[in-house]
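**Q** Using our numbering, read the sequence shown as starting at 1 and increasing by one per residue. Take a look at this one; I'll ask things after.
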Amino acid sequence: MHACPRRIAASAACAPAVSQPNQASFTLIELLAVIAILAILAGILIPTVGAARASADKTRTRLQFTRWTAAVEAFRQEYGYYPALGANGKLATTGDALGFVRTLSGCNPDGSAVAVAADLNGNYKRLHFCAFSDGDFIDPGRPGGIPDFSGDELLGDAFGNIEIGVLTDRNGDGIIKPADDGPAAAVRGVTGGNDLTPADSDLPSTGIRAGVLFYSAGRGQAPGDMVLSWK
Numbered sequence: 001m002h003a004c005p006r007r008i009a010a011s012a013a014c015a016p017a018v019s020q021p022n023q024a025s026f027t028l029i030e031l032l033a034v035i036a037i038l039a040i041l042a043g044i045l046i047p048t049v050g051a052a053r054a055s056a057d058k059t060r061t062r063l064q065f066t067r068w069t070a071a072v073e074a075f076r077q078e079y080g081y082y083p084a085l086g087a088n089g090k091l092a093t094t095g096d097a098l099g100f101v102r103t104l105s106g107c108n109p110d111g112s113a114v115a116v117a118a119d120l121n122g123n124y125k126r127l128h129f130c131a132f133s134d135g136d137f138i139d140p141g142r143p144g145g146i147p148d149f150s151g152d153e154l155l156g157d158a159f160g161n162i163e164i165g166v167l168t169d170r171n172g173d174g175i176i177k178p179a180d181d182g183p184a185a186a187v188r189g190v191t192g193g194n195d196l197t198p199a200d201s202d203l204p205s206t207g208i209r210a211g212v213l214f215y216s217a218g219r220g221q222a223p224g225d226m227v228l229s230w231k
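Shown next, in the form of structure tokens:
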């Protein structure tokens, strides 16, 4: 059975209202105090959440670059040389994305077969060195950047950056030097909007012992925000 509502005493129900200015003032003070506390907590938590997300995106981008690096090295082991990747030292156009995927997977971005062997960029055996996923691509013209593989997709990192720097060991000496293998191209961050290049301390003139290097602007505020495949 449902309990009956508690009756209000007649004396209480009919009693005239009593003004309580002190209580009202105290309640307002409490409200202001709560607002101040919430503002302080927001100031603490929002940057923390943002930093945690940036850290997670950086980890995902590094893993992405690790997969790509392994695929390029597998290409070299199979064919004896490093393939040409991108234009002007970066992957930034739909053509760059198409060529990159064909080179390392032997297929088109949508998984279909490449009709002309010359478009395989040297991967004439059509070997699958890398398994690309939707997360490797961004279509700026679609909601959320989710690609539909209609030909407008770009390569992108976990931050949403669509300019990926790339350097390969052109002379086969096992070391990538800006003077020998081309200067590092500037890449733009979609968040900060800044054009960034690796600092001299990250890519010294003496070079990095590697066959291929990938990098992106990361959060895009400063060189320290960049994601470097070799660090």
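Backbone N, C-alpha and C fix where the C-beta goes; we use that ideal spot for every residue, glycine too.
My guess is that N161 and S216 are in contact by the Cβ rule of under 8 Å, so how many angstroms apart are they, rounded?
**A** Along the sequence shown, one-based indexing puts residue 161 at 161. Along the sequence shown, one-based indexing puts residue 216 at 216. Contact holds; Cβ gap of about 5 Å.
**Q** Between D136, F149, A117, G95, which lies nearest to G111 when the distance is taken from Cα to Cα?
**A** Translated into the one-based positions of the sequence shown, residue 111 becomes position 111. Minimum Cα distance to G111 is reached at F149.
**Q** Please list, in chain order, all residues of the same chain as S11 whose beta carbon is under 7 Å from its beta carbon, the five residues on each side excluded.
**A** The residue labelled residue 11 in the question sits at position 11 within the sequence shown. Model confidence at S11 stands at a pLDDT of 42, short of 50, so the residue's coordinates are unreliable; what they give is reported in the following sentence. Around S11: no qualifying Cβ.
**Q** Which residues in the same chain as A84 place their Cβ atom closer than 6 Å to its Cβ, once the five residues preceding and following it in sequence are excluded?
**A** Position 84 of the sequence shown holds residue 84. None.
**Q** Taking a contact to mean a Cβ-Cβ separation below 7 Å, would you say A92 touches E163 in this structure?
**A** The residue you call residue 92 lines up with position 92 of the sequence shown. The residue you call residue 163 lines up with position 163 of the sequence shown. Yes, the pair counts as a contact, with Cβ atoms nearer than the cut-off.
**Q** Quick one: Cα of G220 to Cα of I138, how far?
**A** Against the sequence shown, residue 220 aligns to sequence position 220. Against the sequence shown, residue 138 aligns to sequence position 138. Those two C-alpha atoms are separated by around 17 Å.
**Q** Alpha carbon to alpha carbon, what distance is there between L98 and L38?
**A** As a position in the sequence shown, residue 38 is number 38, starting the count at 1. As a position in the sequence shown, residue 98 is number 98, starting the count at 1. The straight-line gap from Cα to Cα measures roughly 49 Å.
**Q** May I have the straight-line CA-CA distance separating G144 from I29, to the nearest angstrom?
**A** As a first step, residue 144 is located in the sequence shown; it is residue number 144 there, counting from the start. As a first step, residue 29 is located in the sequence shown; it is residue number 29 there, counting from the start. In a straight line, the C-alpha of G144 is about 44 Å away from that of I29.
**Q** In whole angstroms, give me the CA-to-CA distance for V227 and G218.
**A** Stepping through the sequence shown from its first residue, residue 227 is reached at position 227. Stepping through the sequence shown from its first residue, residue 218 is reached at position 218. Answer to the nearest angstrom: the Cα atoms are 5 Å apart.
**Q** Note down, one range per segment and in chain order, each beta strand (DSSP E) of at least 3 residues found wholly within the segment 167 to 223.
**A** Those beta strand (DSSP E) runs which fall completely within the segment 167 to 223 and span 3+ residues are 212 to 216.
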